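Participant: Residue numbers (UniProt numbering), protein chains in the order written: chain A, 1 to 226; chain B, 1 to 241. Following this message is one structure expressed as structure tokens.
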Amino acid sequence: MIDAINTSLFTPIGDDGLIGILLILNGLKVTLMVTFFAMILGAILGITTTMMKMSSKWYLRWPADLYVGVIRGTPVVVQLVILYFIVLSSLDVDKVTAAIIAFGLNSGAYISEIIRAGIEAVDKGQTEAARSLGLSPGMTMKEVIMPQAVKKILPALGNEFIVLLKETAVIGFIGGVDLMRAGEIIRSRTFEDSVPLFTCAIIYLLLTYSFTFMLSKLEKRLKQSD
Amino acid sequence: MIKITNLHKSFGDNQVLKGISQHIARGEVVSVIGPSGSGKSTFLRCINLLEQPTEGDIVIDGQSITAKGACIDKLRQKVGMVFQNFNLFPHKTVMQNITLAPVKLGLMNQVEADRQAVELLAQVGLQDKANAYPASLSGGQKQRVAIARALAMQPELMLFDEPTSALDPEMVGDVLDVMKSLALAGMTMVIVTHEMGFARDVSDRVIFMDGGYVVEDSSPQALFSAPKEARTQAFLSKVLR
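Dropping the structure here:
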């Protein structure tokens, strides 16, 4: 057991002479970076898509519906591979950037659904009351609907972050070295299975657990003001 | 003040209003009664375009609100609305509920709006609730805040959509008292209600609706003590025991 840990994590392996734990940490950095920036891109796309979907103009609604439909209807790993090897193949885009774009596009579709659900969960009477006072649709959204919708959106958004973090484990499909791929590299170089794989699993678990913990704190605070 | 001509409203195939014409004078208090499904709430909601009429014309103060390009937001500033379910903004205090619209619409600054809100709260008997959130209020208190909120826009006309139907019986009186004093102060009011006693005592005129039509339209004394139409008689015999 000690031997296995030593070989997998603390002994120089492979041509680059890196020790396993460094590979893991580099991979973790990629995983976090992709998750973080994809989430930001996803949020921007999500907000835009929601506004397009709620528009009265068909030429805004239609592309938004298509985008969400296609993204939700295909596996993220397929989207990632198509984006990197086909869509971006002629451009000189590095793997991490490609992954950020792919996961951002993917997340944007889900985030737009989260925002839409949050807005729709606000009682219709709120809109009617605001409009009956003479507030414009924009003011109604800003002053009355969004402040209430945010409370429903934030927890779901946190959940989406966790899902996204775990889904980035397929970055290896385009040759990017994230946390999961780092574990796989160690496995193939040392022929040790348990230590690298469980190390990866534990790190994912710690990340999602601590994030879930922060999220539940946030939810409690949001509930307090009800 | 309001002239409604041949108002129709359908939801899909369901014809809810089948041609209603009404003239409501300034300062008049009109109660609308009738069985559920008779279209009385829809009629009320058409007056401030919460429902878009399928056909017909509504003119308020000489301005057609059903004409294309009519400024709906401006119209709604003059027409206050009180809902059955209060619809207070839960994330804002009582004070903020009342001052939001006048301040955001640039009718007054925050100081003026606050001063007016304090007066309005006194008028509805809730001075001590200025900084409370709606969730901490009883139904009757919520509805009185909702009335104050509508009054903050200094409307020329107030619409009430079954304002006491969601209230516990012991709360009804407080809300009706506020409405009564409003009527006495000369406010033009259209009230959809099941409170027959209130309709009889406070209204200048009572409209009985059934099946999307106005069946009977007369003074409260005439309508309640000597209804002419058979349907009115049948309805009143059920609700007045």
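Ideal Cβ placement from N, Cα and C applies to all residues, glycine included. Values in this document were obtained by computation on a predicted structure and should not be read as measured data.
For methionine 33 of chain A, I'd like the list of residues in its chain whose CB is within less than 8 Å of its CB, leaving aside the five on either flank, ordered along the chain.
Facilitator: Translated into positions along the first sequence, residue 33 of chain A becomes position 33. Val96, Ile100, listed in sequence order.
Participant: Does any residue of chain A bring its CB to less than 8 Å from the CB of alanine 70 of chain B?
Facilitator: Here the question's residue 70 of chain B lines up with position 70 in the second sequence. Closer than 8 Å: no.
Participant: Taking its Cβ as the centre, do 16 or more other Cβ atoms sit within 10 Å of glutamate 119 of chain B, making it buried, or is it exposed?
Facilitator: Position 119 of the second sequence, counted from the first residue, corresponds to residue 119 of chain B. That one is exposed.
Participant: Given this structure, state the Cα-to-Cα distance separating valine 32 of chain B from leucine 60 of chain A, to the nearest angstrom.
Facilitator: Within the second sequence, residue 32 of chain B is the residue found at index 32, counting from 1. Within the first sequence, residue 60 of chain A is the residue found at index 60, counting from 1. Whole-angstrom Cα-Cα distance: 42 Å.
Participant: Tyrosine 213 of chain B lies in the alpha helix (DSSP H); which residues open and close that run?
Facilitator: As a first step, residue 213 of chain B must be located in the second sequence, where it is residue number 213. Counting along the chain, tyrosine 213 of chain B falls outside any alpha helix (DSSP H), though it belongs to the beta strand (DSSP E) covering 213-218.
Participant: Against chain B, does methionine 141 of chain A count as a neighbour if the rule is that its beta carbon must be under 8 Å from one of theirs?
Facilitator: Here the question's residue 141 of chain A lines up with position 141 in the first sequence. Judged by the 8 Å Cβ criterion, methionine 141 of chain A is not in contact with chain B.
Participant: Please state if the CB of cysteine 71 of chain B and the CB of leucine 7 of chain B are separated by a distance shorter than 8 Å.
Facilitator: What you label residue 7 of chain B is simply residue 7 of the second sequence in a count that begins at 1. What you label residue 71 of chain B is simply residue 71 of the second sequence in a count that begins at 1. It is not a contact, given that the beta carbons lie outside the stated cut-off.
Participant: Hey, out of A:Met39, A:Leu165, A:Ser107, A:Glu192, whose CA is closest to serine 8 of chain A's CA?
Facilitator: One-based indexing of the first sequence puts residue 8 of chain A at position 8. Nearest C-alpha to serine 8 of chain A: A:Glu192.
Participant: Rounding to the nearest angstrom, what Cα-Cα distance links methionine 209 of chain B and phenylalanine 11 of chain B in this structure?
Facilitator: For the purposes of this step, residue 209 of chain B is taken as residue 209 along the second sequence, with counting starting at 1. For the purposes of this step, residue 11 of chain B is taken as residue 11 along the second sequence, with counting starting at 1. Between methionine 209 of chain B and phenylalanine 11 of chain B, the C-alpha separation is close to 18 Å.
Participant: Only counting the same chain, and skipping five residues up and downstream in sequence, which positions put a Cβ closer than 6 Å to that of glycine 158 of chain A?
Facilitator: Position 158 of the first sequence, counted from the first residue, corresponds to residue 158 of chain A. The answer, listed in chain order, is Leu215.
Participant: Tell me the residue span of the beta strand (DSSP E) that contains asparagine 6 of chain B.
Facilitator: Residue 6 of chain B sits at position 6 when you count from the first residue of the second sequence. Its beta strand (DSSP E) spans residues 2-11.
Participant: Within this structure, are the beta carbons of leucine 182 of chain B and methionine 171 of chain B separated by less than 8 Å?
Facilitator: Here residue 182 of chain B is taken as the residue at index 182 of the second sequence, counted from 1. Here residue 171 of chain B is taken as the residue at index 171 of the second sequence, counted from 1. The answer is no: Cβ separation not under 8 Å.
Participant: State the DSSP-derived secondary structure class of phenylalanine 161 of chain A, mapped to helix, strand or coil.
Facilitator: Walking along the first sequence from the start, residue 161 of chain A turns up at place 161. In this structure, phenylalanine 161 of chain A counts as helix in the three-state DSSP scheme.
Participant: DSSP state of leucine 88 of chain A, grouped into three classes?
Facilitator: The sequence position of residue 88 of chain A within the first sequence is 88, counting from 1. Leucine 88 of chain A falls in the coil class under three-state DSSP.
Participant: So, with DSSP's three-state summary, where would you put valine 81 of chain A?
Facilitator: The residue given as residue 81 of chain A occupies position 81 in the first sequence. In the structure shown, valine 81 of chain A sits in a helix (DSSP, three-state: H, G or I).
Participant: Please classify valine 78 of chain A as buried or exposed, where buried requires at least 16 neighbouring CB atoms within 10 angstroms.
Facilitator: As a working mapping, residue 78 of chain A is identified with position 78 in the first sequence. Looking at its Cβ environment, which holds fewer than 16 other Cβ atoms inside 10 Å, valine 78 of chain A is exposed.
Participant: Over what stretch of residues does the alpha helix (DSSP H) that includes glutamine 123 of chain B continue unbroken?
Facilitator: On the second sequence, position 123 is the one that residue 123 of chain B refers to. 110-123 is the span of the alpha helix (DSSP H), which, as asked, contains glutamine 123 of chain B.
Participant: Would you kindly check if the distance between the Cβ of isoleucine 174 of chain A and the Cβ of valine 81 of chain A is under 8 Å?
Facilitator: Walking along the first sequence from the start, residue 81 of chain A turns up at place 81. Walking along the first sequence from the start, residue 174 of chain A turns up at place 174. In contact: valine 81 of chain A and isoleucine 174 of chain A (Cβ atoms closer than 8 Å).
Participant: With DSSP collapsed to three states, give me the class of isoleucine 40 of chain A.
Facilitator: Indexing the first sequence from 1 puts residue 40 of chain A at position 40. Isoleucine 40 of chain A: helix per DSSP, three-state reduction.
Participant: Between the C-alpha atoms of glutamate 167 of chain A and serine 36 of chain B, what's the straight-line distance to the nearest angstrom?
Facilitator: Translated into the one-based positions of the first sequence, residue 167 of chain A becomes position 167. Translated into the one-based positions of the second sequence, residue 36 of chain B becomes position 36. Roughly 53 Å between the two C-alpha positions.
Participant: Under 9 Å Cβ-Cβ, which residues of chain A neighbour leucine 182 of chain B?
Facilitator: Position 182 of the second sequence, counting from 1, holds the residue named residue 182 of chain B. Near leucine 182 of chain B there are no residues of chain A at all, since even the closest Cβ is about 17 Å away, more than 9 Å.
Participant: Should proline 169 of chain B go down as buried or exposed, given a rule of 16 or more other Cβ atoms within 10 Å for buried?
Facilitator: Counting from one through the second sequence, the residue named residue 169 of chain B turns up at place 169. Under this definition proline 169 of chain B is an exposed residue.
Participant: Per DSSP, what are the beta-bridge partners of arginine 221 of chain A in this structure?
Facilitator: As a working note, residue 221 of chain A is residue 221 in the first sequence. Answer is none; arginine 221 of chain A lacks a bridge partner.
Participant: Identify the contact partners of glutamine 77 of chain B in chain A, using a Cβ-Cβ distance below 9 Å as the criterion.
Facilitator: Locating residue 77 of chain B in the second sequence gives position 77, counting from the first residue. Neighbours of glutamine 77 of chain B on chain A, chain order: Leu133, Gly134.
Participant: Based on Cα-Cα distance, which residue from A:Ile2, A:Leu133, A:Arg116 lies nearest to phenylalanine 89 of chain B?
Facilitator: Sequence index remark: in the second sequence, residue 89 of chain B carries index 89 (1-based). When each option's Cα is compared against that of phenylalanine 89 of chain B, the closest is A:Leu133.
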